[in-house]
Every structure is written in structure tokens, then in C-alpha cells.
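For the record, in the sequence shown the residue sitting at position 188 is 237 according to the working numbering, with numbers rising by one throughout.
Cβ atoms here follow ideal geometry from the backbone N, Cα and C, with glycine treated the same way.
Okay, structure first, notes after.
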Amino acid sequence: MENEIEKKSLKWLWTIVILAVIIFGIYGMVSYSNKFLTDPLNRKSYGISLATFENMPPIPEDFKWVKEQVSMGTIDEKRFNAITEEFWKQPEFYPNFVEVGLQFYRTPYTDRRNCYGYGAYPQSMGNIVPQENLSVGTELYSKTWLHTGFGIVCYQGTQLIPMTSEKENEYFDVIIDPNLFLLMPTYPKFDKDWAREIRYIVKVKKAPVPKGSYSFSFVVSSPPSKQNDDWKWQYKQDYASSGMFSSSAKTFEFVVQVV
């Protein structure tokens, strides 16, 4: 009798376990499907596979509105600094993705590999600061998002080099965070780290700071030779140095007006 009870209890236990597995399996499948069925940006109209975006975070409900405020420059500093990766990791956050970038996914190159390319958005920022607010140790912040170009198949080793004149160097120290990293591919799909948030920190080292305009920028360069070599051997034919695509033009500029 006891054996029969134990068998029935065991049977019920296995039934419960199996039902739980089925329920959680269905829930997981539905959740995974909803990630693609939910299409607030109408990506289905792009004419490309939605798997292109499968590594992207969920799209915020107010995405289009926030993007518009950034593009028009009508967002204040506090709200701009609060923008999360759910916004800036979406390709649509950046100008010209729909108009220009989609072509690399609709009609990809067949005669060559698209290995180089990056951009910063926004490309310039400004701050007006009263002279009396700048004492030794005061920090001013700006930021941009550096991202891989559209349709890029390679990992790009990247180093950001600050650009300042003697005037800026006399009164300020500069920190770029991060300043050494990999830009990840955007083809055949966007890697989760295809875009990076870059913080530009300007710290007063000498006061008073004379009134006037001060320009802080950075250019993209090749990584130090050892790091470049390590990445090259790690990713082999899928690696490229961003320095091969660099130019003397400022990738990003932060202008401080002292009044």
C-alpha cells in the first residue's frame, strides 16, 4: 500500500515538473517572439531581417520624442546626460540611418569587405560658464556617442586622443573616458557594443581662468602597438585599426565659453 502511495506521489511530482517546464518554455518563447513582434519603429518596413537588431535593448516608448529633442538641440543638460543605452544603442537614434544606412543591409557589398568607419553624435557640444564658478578642481562634463559605421563587418581597435592648444593646457586637464576600446561590427547584425558613450571631462588646474572661448576635442587614432597586436591576433581577418580611417578633422568638439 505504501509503495502504491509513493508511486502515485512520484507520478504527481513528475507531472508537476513537466507542466512547469512546458509553461516556462512557452513563456520564454512568447517573450522572445514579442521582442520581434513589438515594432514601435516599424522596422518591418525596412525590407531587411529583424534579426539585424536582435542584440539591441528594448525600444523605449518615448524613443521618437527624445530623439527629436536631441536632434533639435531642445534638450537640457540634465536630461541629455540621463539618456540611457536603450536610446543610444538603437541605430535609428543616429541621423541618416533610415535614409542612408539601410542601403548597406538591403544591398550589401559583394565585391569587398566593409571594414572601416565610425562617427560621433553629437559632433559638438557647448557650455557657458561664469568665470567666478571656475576654481581649481572644478570639473565640466560633456559627452558624445561614438559608433561604428553602418554595414561594418570588422572589430575596430580605437584610441581617442585629446586635442587642445597651449591656452587650454595652461588652465585645464582633460580626461576622456573611455579612451581605448573596440568598436564592434554592425553587419550582418548590430553587436550589442556597436556604440559607446564617451565622457569628456575638463578639470580646472589653474585659476582664475581668463574670459574667452576654449576648445576641447578628440581625434580617433590607432591603439598602442601592443594592444593593437593583441586584438589583431584575437580577431585576425575580422580586425581593423580605426587609425587607418582617421583624419586630422575633429571627431568631436566641446567648446567652453567663460564669461
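| Query | Result |
| --- | --- |
| Looking at isoleucine 210: is its Cβ nearer than 7 Å to the Cβ of phenylalanine 303? | no |
| Starting from the C-beta of proline 171, find all residues in its chain whose C-beta is less than 7 Å away, skip the five residues before and the five after it, and write them out in chain order. | Thr193 |
| Using the C-alpha atoms, what's the distance from lysine 255 back to phenylalanine 136? | 37 Å |
| Which of the three DSSP states, helix, strand or coil, is assigned to lysine 93? | helix |
| What number of angstroms, rounded off, separates the C-alpha of isoleucine 97 from the C-alpha of glycine 150? | 12 Å |
| Would you tell me roughly how many angstroms separate the C-alpha atoms of glutamate 127 and serine 191, rounded to the nearest one? | Reading off the sequence shown, one finds lysine at residue 127, where the question assumed glutamate. Each residue's alpha carbon lies about 11 Å from the other. |
| If you drop the 5 nearest sequence neighbours on each side, which residues of the same chain put their C-beta closer than 7 Å to that of methionine 212? | Ser266, Phe267, Val268, Lys299 |
| So, helix, strand or coil for aspartate 226, using DSSP? | strand |
| What residue range does the beta strand (DSSP E) around methionine 174 cover? | 173–178 |
| List, from N- to C-terminal side, the beta strand (DSSP E) runs of 3 residues or more that fit wholly inside the segment 121–192. | 167–170, 173–178 |
| Can you find the residues in the same chain that come closer than 7 Å, C-beta to C-beta, to isoleucine 177, ignoring five residues on each side of it along the sequence? | Gln306, Val308 |
| Count the other C-beta atoms from every protein chain shown that fall within 10 angstroms of the C-beta of methionine 293, then say buried if there are 16 or more, exposed otherwise. | exposed |
| Pick from Glu103, Ser184, Phe112, Met233: whose alpha carbon is nearest that of tyrosine 284? | Met233 |
| Give every residue of the same chain whose Cβ lies closer than 7 Å to the Cβ of arginine 92, excluding the five residues on either side of it in the sequence, and list them in chain order. | Leu99, Phe102 |
| Measuring alpha carbon to alpha carbon, tell me which residue in Gln205, Asn218, Ser94 is nearest aspartate 240. | Gln205 |
| Alpha carbons only, please: which of Met174, Arg155, Thr156, Glu110 is nearest the one belonging to threonine 123? | Met174 |
| Out of curiosity, what's the CA-to-CA distance linking asparagine 228 and tryptophan 243? | 15 Å |
| Answer with buried or exposed for glutamate 181, where buried requires no fewer than 16 other C-beta atoms within 10 angstroms of its C-beta. | exposed |
| Decide yes or no for the touch test of the segment 154–167 against the segment 215–229: beta carbon pairs closer than 8 Å, at least 3 of them. | no |
| What are the partner residues of glutamine 208, as DSSP defines its beta bridges? | Leu229, Ser270 |
| Where does the unbroken beta strand (DSSP E) through lysine 252 begin, and where does it stop? | 244–253 |
| By Cβ distance below 8 Å, which residues in the same chain neighbour alanine 289 in space, the five residues on each side in sequence not counted? | Cys164, Tyr165, Cys203, Tyr204, Gln205, Gly206 |
| Does the beta-carbon of glycine 198 have 16 or more other beta-carbons within 10 angstroms, so that it is buried, or is it exposed? | buried |
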